[in-house]
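Taking it in order: structure first as structure tokens, then the write-up.
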Amino acid sequence: MELVFLLICGGVAVIASLLVIFARSTLHSALWMVLSFFMIAVVYVLLHAQFLAMLQVIVYAGAIMMFIVYAIMMLNLRHDSKVKTASKISKVIGIGALIVLFLELMLVSLGQNLTAIQGPVTDKLVATYGRMAVISNFLFSDYLLPFEVVSILLTAGVVGAVVLAKRER
Amino acid sequence: MIENQSIYLALSVALFIIGAAGAICRRNAIVVFMCIEIMLAGVSIAFVTFSTANHSLDGIFMVIFVMAVAAAEAAVGLAIFLLMYRKQGSIDLDKFNLLKW
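Below is the structure:
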């Protein structure tokens, strides 16, 4: 059952991602992107990361895609919507290198058992406290410093965006 | 080890490569930006897979921080696209060679 869900959602995510590249209109690309993000959220649920699935839907499929669609509509990109390509030789080299990388990574990921030593989050801990409580416990103790740094980064990002987009007078 | 681990990893590799190919082939700045988001999503799936397989939370925190950085990146990046559009009338990356020597 899990395998069926994984294959369907993973397949739809891959196809939607391909359509992001091949869609003529930028707005269509953005909408395929939303579908891809929803399917990735389902994959997170299958991996028992429900909190991340929620974040994926709210932050990615909600906030970031809203930003992008807003920018597309504001910039009125209708006139250069056709697919443009870079110079032939650089494109061929780039795609060739990507195909080699793809085969190598597939070989590694399909080949062996890649798990290492077991971490502290045992099934018993999750069953006692719940996954969310365990995550927040770690987030506000071991990961407190990165958490604060990221909040400063977000504030700086928002201020930077406002300063950049402001018209000079 | 979890069930179907190699399928999750294969999905993550496929998404990463699709995103990289799109970033190489497309010239529209917003589509390139979305392709980079696809690459980030692919890497995130690999992180969560290993995190779940190893009974650890490190990968999940990494993905949370990636999401926060991607949100900041979206805000700043789209402001930059707006500036590009005001300056040149398009966001075609071939035309944007301000930093080229």
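Just so you know, the protein sequences line up as chains V and B, in that order. Going by the numbering used here, the first sequence wraps up at 183, each residue one higher than the last. Going by the numbering used here, the second sequence wraps up at 146, each residue one higher than the last. In this text, a Cβ means the ideal position worked out from N, Cα and C, and glycines have one as well. Just so it is clear, the structure is predicted and the values come from calculations on it, not from any experiment.
According to DSSP, residues forming a beta bridge with residue i
| i | result |
| --- | --- |
| B:Asp137 | B:Asn73 |
Enclosing alpha helix (DSSP H) for residue i [first to last residue]
| i | result |
| --- | --- |
| V:Asp255 | Because chain V in this structure spans residues 15 to 183, residue 255 of chain V falls outside the shown range and cannot be described. |
| B:Ile47 | Taken as a continuous stretch (DSSP letters only), B:Ile47 belongs to no alpha helix (DSSP H), as it is neither H nor E. |
| V:Lys138 | Asp137 to Tyr143 |
| V:Gln64 | Gln64 to Leu69 |
Residues near residue i in its chain [Cβ-Cβ closer than 8 Å; skip 5 each side]
| i | result |
| --- | --- |
| V:Val140 | Val148 |
| V:Val56 | Phe19, Cys23 and Ala67 |
| V:Phe65 | Arg145, Met146 and Ile149 |
Through-space distance from residue j to residue i, alpha-carbon basis
| i | j | result |
| --- | --- | --- |
| V:Gly174 | V:Lys138 | 45 Å |
| B:Gly64 | V:Leu158 | 32 Å |
| V:Glu162 | V:Leu61 | 27 Å |
| V:Thr169 | B:Val121 | 11 Å |
| B:Ile125 | B:Phe78 | 12 Å |
| B:Asp137 | B:Leu123 | 14 Å |
DSSP three-state assignment for residue i, whether helix, strand or coil
| i | result |
| --- | --- |
| V:Lys105 | helix |
| V:Ile86 | helix |
| B:Ser101 | coil |
| V:Ser39 | coil |
| V:Val164 | helix |
| V:Arg181 | coil |
| V:Met15 | coil |
7 Å CB neighbourhood of residue i in its chain, flanking five on each side removed
| i | result |
| --- | --- |
| V:Val135 | Val148 |
| B:Ile81 | Gly64 and Ala68 |
| V:Val176 | none |
Nonlocal neighbours in the same chain, by C-beta distance under 6 Å from residue i, ignoring five residues either side
| i | result |
| --- | --- |
| B:Ala66 | none |
Chain C contact residues for residue i, given Cβ-Cβ distances below 8 Å
| i | result |
| --- | --- |
| B:Val111 | Looking at the structure shown, chain C is missing, and the protein chains on hand are V and B. |
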